[in-house]
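Input: a single structure, listed below in structure tokens.
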Amino acid sequence: MQQVDPTRGVPASTSTSRLLFPVSCAAGSIALLAWLLKYSHYGVDLTDEAYYLVWIANPFLYDVSVHLFGFVYHPIYRLLQGDIAALRQANILVTFALAWLVVALTLGRSARGAIDSRLRVALSFGFASGALLLVDNWLPSPSYNSLAQQALLLTVSGLLLADRELHRTSVAGWLLVAIGGWLTFMGKPSTAAALAVCAPVYLFAAGKMNWRMLIVTGIVAAALVVLSALAIDGSLGAFARRLGVGMEYLAHLQGGHTVQNILRLDRFQLNAREKALLAVAAPALCVAGLCLQRWRPARPFGLVACAMLLAAVLLLVSGVRLPDPRLGVYKDLLIAAVAFAAIGLAVVAPGNLLGTLRRGDWALAILFLVLPHVYAFGTNGNYWQAAGAAGLFWAMAGVVLLVPTLAGDRWATLVPLALGTQAIVALVIYSALLAPYRQPEPLWTNRTPVEFGAPGSRLVLSQDNARYVERALSGARQAGFTPGTPVIDLTGQSPGLLYALRAMNVGHPWIVGGWPGSAPFTQAHLRHVPCKDLARAWLLTEPRGPRSVTGEVLAPFGLDVGRDYQVVGSWETAPGAGGYAQPRLQVLMKPLRPDDIAGCARATAGGLAHAPQ
């Protein structure tokens with residue numbers, strides 16, 4: 042005869058599962074977080090990620106920009122004293138915490154009180170790990186992408202709490218929607234535009250629309266944007282010019298950032314390994330969930346499946362070196378296995394699925410389905426590839442359809458889905474650490490600590506990258522370079538080196554090379570630099586670099602590379618720097634007449650640059 046737990050009045054085995062399953066979910070997420078927090082000290086991409094860091098470190102230096110995330114993250118950067126590892130850790134923890142809130146609110150709403158609050162907390166830990174796909178290429182520093190995702194998570198939390206009837210929780214929800222909308226705009230205005238359409242549609246479809254509160258929410262969000270504009274530029278006119286001119290200059294690059302290009306349909310193609318994983322994972326998770334629905338002979342198979350999933354997570358984070366999983370650029374789409382499994386479980390659930398699900402369930406599921414593309418909206422890259430980083434929403438769409446069908450003790454059905462989410466995320470991140478974006482080797486082979494940027498901010502880099510940075514720092518110091526000195530980067534790909542030098546990136550946080558319009562883009566931004574800074578700015582060049590910007594861009598400012606500058610240092614880049622295998626020579630040049638402001642003023646008398654100051 043089966044023992045009964047006298048404290049709960051349920052079979053002892055069931056009582057044990059109420060402890061083991063949540064502990065397993067929590068253990069998997071804690072292991073993943075510890076793994077990411079550890080590697081936050083490792084590696085750095087000297088192009089895109091460095092651009093994020095430069096922009097966050099001093100966003101008020103530039104009066105033209107498209108992105109505004111630097112202004113949001115700058116106070117955190119100052120609070121952490123420029124410590125890159127701590128900044129990355131904060132970014133990861135904030136993202137996870139907001140994801141946990143979304144999952145907890147979703148489970149609470151969809152379960153309609155059927156899942157114990159303590160179990161809901163633990164299961165939320167499991168599913169929230171899906172938000173860690175944000176670091177799928179190992180670009181863990183805060184960026185416009187991270188702010189957009191964090192803002193979406195905050196907005197969704199508000200949408201879940203908001204209601205037609207006004208009470209304390211509902212008002213808090215509407216307020217969160219306003220704050221989330223504002224932050225979305227600060228992260229990616231294109232995403233904010235898409236969200237402004239989707240959020241009201243969801244509220245109306247879910248029967249939660251309160252037009253008065255929607256108007257108030259819009260006013261609060263607009264007020265926050267206005268306050269941001271005043272804090273950043275002092276006036277709405279200057280703020281509007283910042284964004285308008287920024288978009289105009291971005292178009293110079295000819296990188297696909299146009300209205301016509303934004304409204305498009307992209308395709309994706311999983312590689313053979315990803316197709317096989319998806320084909321196995323979705324039915325396996327579905328079967329594991331079925332086995333755990335009730336105490337019956339099949340239940341041990343479900344327990345074994347859960348144990349294997351947790352073991353896979355712990356193995357991947359343990360430091361054991363496993364073969365390359367050979368995942369492609371669409372690897373994040375593997376999270377769809379969780380959604381497919383959840384939908385499969387909902388379809389085979391006892392009773393009438395259509396009768397079980399309410400209007401709000403369908404509305405929320407559809408909202409979750411479209412949110413990854415809301416997140417990706419506006420990027421010039423493939424929408425499916427970009428949307429995968431917000432793949433947690435796809436998984437939650439399936440969960441929303443499944444949870445209302447669970448009754449009694451069938452909550453255990455969710456456990457393999459939560460553990461499956463963790464296993465997929467662990468596999469994707471393992472792939473990222475194995476081949477981090479534009480870095481020469483796996484992160485775990487990095488051994489050399491280097492002070493990078495702000496004093497006390499240390500990162501563990503590969504031997505080649507560390508040698509490259511240290512040679513550049515040594516050469517610059519010997520040439521008399523001091524922190525805060527303006528530098529014009531004509532390499533087209535070295536914002537990270539300027540950040541390490543603690544230089545002032547002149548014109549733009551990253552003078553991007555390699556695009557058809559890189560030269561006019563550079564000139565356009567240099568026109569906003571005061572002549573006193575242009576005259577005393579040093580040059581960093583890469584004479585035969587694949588993304589080098591021609592020195593002719595300086596001619597309109599009365600400057601000539603051969604006449605006005607002296608070579609004071611040189612070094613070779615690391616193999617793999619900027620995504621190129623071959624090292625390239627970089628040259629540091631010092632201005633011969635740093636006080637010749639008049640020459641710049643004469644050359645720019647037509648208004649191409651600021652007058653002397």
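Quick note, this note's numbering runs 41 ahead of the 1-based positions in the sequence shown.
From the three backbone atoms N, C-alpha and C, an ideal C-beta is built for every residue, glycine too.
Given the structure is predicted, the values throughout are model-derived calculations rather than measurements.
What does the alpha-carbon distance come out to for the pair residue i and residue j?
i, j, result
"Phe137", "Leu356", "21 Å"
"Gly537", "Ala240", "38 Å"
"Gly228", "Pro338", "51 Å"
"Leu175", "Leu344", "30 Å"
"Ser211", "Trp223", "19 Å"
"Arg643", "Gly275", "30 Å"
"Arg488", "Gln504", "7 Å"
"Arg400", "Leu74", "36 Å"
"Thr645", "Glu289", "21 Å"
"Leu242", "Arg308", "The residue asked about is misnamed: residue 242 is Val in this sequence, not Leu. C-alpha separation (whole angstroms): 26 Å."
"Leu318", "Val469", "12 Å"
"Tyr669", "Met545", "Not covered by the structure: residue 669. The range shown for the chain is 42 to 654."
"Pro496", "Leu514", "13 Å"
"Leu160", "Phe168", "12 Å"
"Gly516", "Ile133", "35 Å"
"His549", "Asn423", "25 Å"
"Ile638", "Asp86", "35 Å"
"Cys641", "Ala565", "15 Å"
"Asp89", "Leu255", "37 Å"
"Phe280", "Cys572", "23 Å"
"Leu284", "Ser106", "6 Å"
"Val656", "Val415", "Here the chain covers residues 42 to 654 and nothing more, so residue 656 does not appear."
"Leu60", "Leu306", "46 Å"
"Arg518", "Ser611", "12 Å"
"Gln334", "Pro391", "11 Å"
"Leu236", "Ala189", "11 Å"
"Phe226", "Thr232", "7 Å"
Which stretch, first to last residue, makes up the beta strand (DSSP E) that contains residue i?
i, result
"Val105", "Taken as a continuous stretch (DSSP letters only), Val105 belongs to no beta strand (DSSP E), as it is neither H nor E."
"Gly610", "606-613"
"Arg209", "It is not in any beta strand (DSSP E) - Arg209 instead sits in the alpha helix (DSSP H) that spans 209-228."
"Trp579", "579-582"
"Thr420", "Neither: Thr420 is in no beta strand (DSSP E) and is coded neither H nor E."
"Arg508", "Unbroken run through Arg508 is the alpha helix (DSSP H), 504-519; no beta strand (DSSP E)."
"Asp530", "527-530"
"Val162", "From DSSP, Val162 is part of no beta strand (DSSP E) but of the alpha helix (DSSP H) over 158-169."
"Thr489", "489-492"
Quick test of your reading: residue i and residue j, contact by CB under 8 Å. State the CB separation rounded to the nearest angstrom.
i, j, result
"Gly171", "Gly432", "6 Å"
"Thr258", "Ala219", "5 Å"
"Ala428", "Pro413", "4 Å"
"Gln623", "Glu583", "Their Cβ separation, rounded to whole angstroms, is 12 Å, which puts Gln623 and Glu583 out of contact at 8 Å."
"Ala578", "Val547", "5 Å"
"Leu164", "Cys66", "6 Å"
"Gly619", "Leu531", "14 Å between Cβ atoms; not a contact."
"Leu398", "Leu442", "7 Å"
"Ala406", "Ala438", "5 Å"
"Tyr83", "Leu500", "7 Å"
"Ala404", "Ala247", "4 Å"
"Ala382", "Cys327", "4 Å"
Check for me: the alpha helix (DSSP H) holding residue i runs from which residue to which?
i, result
"Tyr114", "110-120"
"Thr147", "125-152"
"Met437", "433-443"
"Gln627", "Unbroken run through Gln627 is the beta strand (DSSP E), 626-632; no alpha helix (DSSP H)."
"Leu357", "340-358"
"Pro597", "That residue, Pro597, is in no alpha helix (DSSP H); it is neither H nor E in DSSP."
"Ile552", "Note, Ile552: premise wrong, no alpha helix (DSSP H); not H, not E."
"Val466", "455-475"
"Thr258", "252-274"
"Met92", "It is Tyr, not Met, that sits at residue 92 in the sequence shown. From DSSP, the alpha helix (DSSP H) with Tyr92 extends over 89-98."
"Val379", "377-388"
"Phe522", "Here Phe522 belongs to no alpha helix (DSSP H), and DSSP marks it neither H nor E."
"Ser559", "559-567"
I'd like to confirm something about residue i: is its beta-carbon nearer than 6 Å to some heavy atom of the ligand GTP, or not?
i, result
"Gly419", "The ligand GTP is not part of this structure, which contains no ligands at all."
For the segment 127-135 against the segment 152-161, are there 3 or more C-beta pairs whose distance is under 8 Å? no
Assess, as a yes-or-no matter, whether the segment 460-478 is touched by the segment 176-184 under the definition of 3 or more beta carbon pairs within less than 8 Å. yes
Could you say if the segment 89-101 and the segment 556-566 meet the contact criterion of at least three C-beta pairs nearer than 8 Å? no
Evaluate the contact criterion for the segment 265-274 versus the segment 450-460: three or more CB pairs, one atom per stretch, below 8 Å. no
When the Cβ atoms of the segment 312-327 are set against those of the segment 377-396, are three or more pairs found closer than 8 Å? yes
Is there contact here, the segment 629-644 with the segment 514-525, by at least three beta-carbon pairs under 8 Å? yes
Stretch-stretch touch, CB-based, cutoff 8 Å, three pairs: the segment 608-616 with the segment 489-509: yes
Which complete alpha helix (DSSP H) runs does the segment 178-212 hold, if anything under 4 residues is left out? 185-202
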